[in-house]
């Protein structure tokens with residue numbers, strides 16, 4: 090066990106000493122303040138536009154355009170870009186060793202390939218969770234600090250208002266679900282990383298899969314209706330269910346199971362490739 | 328012979344109806360008189376502060392029961408203060424009869440019954456062609472000269488009915504304690520149709536972004552803790568940033 094912890098620690102050290110690990114954090118440090126400040130300066134014009142026809146007949150009291158609303162909007166807007174940032178690091182975990190020519194060096198250590206593999210996978214998962222929660226902390230913290238507190242208004246097929254007392258734990262739940270979805274993306278990048286020798290391949294491969302599957306998921310084509318729900322992209326919006334009322338726990342469990350199965354398959358496939366791999370570099 | 332008898336009968340029926348209606352209309356006050364009495368009843372109210380509780384039951388809208396404070400100051404200043412999001416009907420919640428008298432021409436329709444009580448039904452036509460609500464129907468309770476019901480067509484095919492209940496405040500002003508605003512759909516014959524089936528309407532992404540006005544449902548507002556003529560400052564009514 091201590092070997093496993095030590096291995097993971099060193100993998101973490103290696104990962105967090107690489108500059109590319111901080112690229113994602115730098116992007117959110119840049120995008121989130123811009124988004125929140127722009128929203129603050131805009132003063133809720135988006136919300137006014139979206140509720141324009143309603144405001145002819147109704148008056149909204151309270152502060153619907155608050156930090157929670159902006160944090161929720163930000164989460165919806167950034168959800169397309171996050172997989173790219175995740176795959177930057179996850180795709181480099183194994184391929185990075187090949188690129189740097191350090192595969193042989195790490196594999197001649199008196200630990201099994203499986204242990205090294207597990208340590209690298211745990212590192213990928215930790216990075217993913219850390220990244221998603223950093224985004225959450227940054228967006229919620231900044232948005233609430235600049236735009237204040239209040240109930241959360243969600244504009245979708247219907248108007249749903251969640252009381253302020255419920256909003257915080259729903260965001261925590263949403264970011265837990267989001268992490269779970271992103272672990273699947275990271276696992277796919279990790280899988281691609283296991284059979285290539287350059288980290289660009291896994292990034293492009295992962296994004297290709299995400300884009301194609303997302304298109305199949307969202308296109309209203311009858312042909313795709315039967316396969317749609319088997320794709321992980323169909324279940325990746327699981328975080329949105331944390332803001333439903335009542336929370337559809339059954340649907341969430343189904344999505345958690347699908348995403349978990351996808352992650353597991355990608356991880357096992359990567360493990361098989363990694364353990365059987367003929368290291369030539 | 329038969330046709331002469333029929334003509335005589337028709338003339339008699341017409342005469343009876345005409346004179347009957349004439350006699351009845353002579354008993355009834357005019358629309359303007361009724362409206363003036365309504366305005367006079369709250370003439371002394373310069374400003375007020377009241378606590379509201381809104382219970383929203385509209386299609387495609389789910390908002391928890393919310394509390395707010397409403398401030399009103401003559402001639403037409405209204406401000407809502409609430410920590411939580413609430414949805415109030417734009418019309419009626421701070422009904423200003425003086426503004427109605429100024430902007431609409433009232434015509435007496437006749438007597439009717441609202442909530443089991445006799446009421447005068449008036450038709451109000453907007454003086455300005457640009458008015459949002461071109462026509463209103465109001466039912467006035469002659470016991471205390473308050474508006475017990477208001478009905479209008481805010482959009483084509485939609486009908487809004489508001490029922491008010493009043494309590495005497497400060498021993499002299501009849502102020503609303505409850506308002507139920509019901510939204511419905513008119514069919515081609517102008518009749519009210521029951522609840523609409525929201526699932527039957529196909530929605531495009533644009534529809535989803537531009538929230539459409541709910542077609543049916545109701546909002547109940549309860550008023551409490553009136554503070555009348557407390558000398559509200561104009562500062563309260565100044566628009567604040569980030570408020571809808």
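Chains as they are written, first to last, in my numbering: chain A, 90 to 370; chain B, 328 to 571. Glycine included, every Cβ here is placed at the ideal spot set by N, Cα and C. Computed from a predicted structure; not experimentally measured.
Counting only Cβ-Cβ distances below 9 Å, residue 560 of chain B has no contacts in chain A at all, with the closest Cβ about 19 Å away. Where residue 334 of chain A is concerned, there is no enclosing beta strand (DSSP E), because DSSP gives it neither an H nor an E. At a cut-off of 4 residues, the continuous stretches assigned as alpha helix (DSSP H) that sit fully inside the segment 145-208 of chain A are 156-167, 171-179, 184-189 and 192-196. Taking C-beta atoms as the reference points, residue 279 of chain A and residue 291 of chain A count as a pair closer than 9 Å. The CB of residue 407 of chain B comes closer than 7 Å to the CB of 148 and 150 in chain A, given here in chain order.
DSSP places residue 319 of chain A outside any alpha helix (DSSP H), giving it a letter other than H or E. Between the C-alpha atoms of residue 428 of chain B and residue 392 of chain B there is a straight-line separation of about 33 Å. The CB of residue 402 of chain B never comes closer than 9 Å to any CB in chain A; the least such distance is about 18 Å. Taking the CA atoms as reference points, residue 178 of chain A sits about 48 Å from residue 383 of chain B.
Chain-ordered, the chain B residues with CB closer than 9 Å to the CB of residue 248 of chain A read 385, 387, 388, 389, 390, 414, 538 and 541. Taking residue 294 of chain A as the centre and dropping the five residues before and after it, the same chain places the C-beta of 281 closer than 6 Å to its C-beta, in chain order. For residue 461 of chain B, no chain A residue has a Cβ inside 9 Å of its Cβ, as the nearest lies near 14 Å away.
Comparing alpha carbon positions, the residue from A/225, A/248 and A/184 closest to residue 385 of chain B is A/248. In this structure, the beta-carbon distance from residue 273 of chain A to residue 326 of chain A does not fall below 9 Å. For residue 326 of chain A, the three-state secondary structure derived from DSSP is helix. The shortest C-alpha to C-alpha distance from residue 360 of chain A to any of A/277, A/165 and A/224 is the one to A/277. Proximity of chain B to residue 305 of chain A at the Cβ level (cut-off 8 Å) is not reached, the minimal Cβ distance being about 18 Å. In the structure shown, residue 367 of chain A falls within a coil segment according to DSSP collapsed to helix, strand and coil. By the neighbour-count definition (other C-beta atoms within 10 Å, threshold 16), residue 503 of chain B is a buried residue. The DSSP-derived three-state label of residue 412 of chain B is coil. DSSP places residue 244 of chain A in the strand class (E or B) of the three-state scheme.
Remark: fewer than three beta-carbon pairs, one from each stretch, lie closer than 8 Å, so the segment 444-453 of chain B and the segment 495-509 of chain B are not flagged as touching. Across the segment 229-242 of chain A, CB contacts with chain B closer than 8 Å involve 236, 237, 239, 240 and 242, in sequence order along the chain. Restricting attention to B/336, B/377 and B/387, the CA atom closest to the CA of residue 556 of chain B is found in B/377. Here residue 122 of chain A carries a helix assignment [DSSP, helix/strand/coil]. Nearest neighbour of residue 238 of chain A by Cα position, chosen from A/246, A/229 and A/244, turns out to be A/229. The shortest CA-to-CA distance from residue 323 of chain A to any of A/215, A/103 and A/270 is the one to A/270.
For residue 357 of chain B, there is no enclosing alpha helix (DSSP H), as DSSP gives it neither H nor E. DSSP, read as helix, strand or coil, puts residue 291 of chain A in helix. In summary, residue 209 of chain A is buried, with 16 or more beta-carbon neighbours lying within 10 Å of its beta-carbon over all protein chains present. For residue 417 of chain B, the C-beta contacts it makes with chain A under 9 Å involve 144, 145, 146, 147 and 148, in order along the chain. In the three-state DSSP reduction, residue 506 of chain B falls in the strand class (E or B).
The residues 368, 471, 473, 493 and 495, in chain order, have a CB closer than 7 Å to that of residue 501 of chain B in the same chain once the five nearest residues on each side in sequence are set aside. Considering only beta carbons, the part of the segment 152-169 of chain A lying closer than 8 Å to chain B consists of 152, 153, 154 and 155, in chain order.
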